[in-house]
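**Q**
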Amino acid sequence: MNKKINYWLPRILAIIFIIFISLFALDAFDGSGFWKMILGFVIHLIPTFILIGITVWAWKKPEYGGWAFVLLGCVFVVFFNLYKDPISLLLIAGPVFLVGVLFLLEGKKGKGKRKKKKR
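Residue numbers 1 to 119, in my numbering, belong to the letters of the sequence shown in order.
1) Hey, Ala93 and Leu82 are a contact pair by Cβ (cut 8 Å); roughly how many whole angstroms apart?
2) Mind pulling the alpha helix (DSSP H) runs of 4 or more residues that sit fully within the region 50–96?
3) Go ahead and label Val77 buried or exposed: buried means 16 or more other beta carbons lie within 10 angstroms of its beta carbon, across all protein chains shown.
4) Cβ atoms of Ile21 and Ile52: under 8 Å apart, would you say?
5) Which residue comes first and which comes last in the alpha helix (DSSP H) that contains Gly40?
6) Rounded C-beta distance between Glu106 and Asn6? I'm assuming under 8 Å.
7) Decide if Pro62 is buried, meaning its Cβ has at least 16 other Cβ atoms within 10 Å, or exposed.
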């Protein structure tokens with residue numbers, strides 16, 4: 001895979017997925033009180049904040065971040081009961097696993113380059 005594509009693909013996919021998952025927070029605006037809506041919105045954004053943190057970590061340390069994405073995918077499957085519906089599994093946990101694997105692949109390739117430079 002091209003070096004630039006291998007570098008940017010997991011990052012771009014992670015950002016797109018963060019935007020996608022953030023859209024679900026908009027259902028907090030249901031016409032109840034202002035502060036109740038704001039609190040609901042912030043609570044709905046907790047997965048987004050976690051994804052942003054893991055993306056920043058993966059940006060700097062792709063191998064560790066890749067494992068974090070894979071672990072988060074497993075947490076999503078269990079916590080949101082995604083194993084009951086294959087479509088939900090593919091839409092929510094699938095991209096997280098894919099991004100994790102792509103970061104892991106980049107981390108493995110980067111590790112090999114660092115070992116070659118030390119010689």
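Yeah, the Cβ is synthetic: ideal placement off N, Cα and C, and Gly gets one too. Quick caveat, the model's predicted, so the values are computed rather than measured.
**A** Working from what's here:
1) In the sequence shown, residue 93 corresponds to position 93, counting from 1. In the sequence shown, residue 82 corresponds to position 82, counting from 1. Indeed, because the Cβ distance is near 5 Å, the residues count as touching under 8 Å.
2) 62–79
3) Locating residue 77 in the sequence shown gives position 77, counting from the first residue. Val77 should be labelled buried.
4) Along the sequence shown, one-based indexing puts residue 52 at 52. Along the sequence shown, one-based indexing puts residue 21 at 21. No, they are not a contact pair.
5) Reading the sequence shown from its first residue, position 40 is the one you call residue 40. Gly40 -> alpha helix (DSSP H) spans 34–44.
6) Indexing the sequence shown from 1 puts residue 106 at position 106. Indexing the sequence shown from 1 puts residue 6 at position 6. Right, their Cβ atoms sit about 5 Å apart.
7) For this step, residue 62 is matched to residue 62 along the sequence shown. Pro62 is buried by the Cβ-count criterion.
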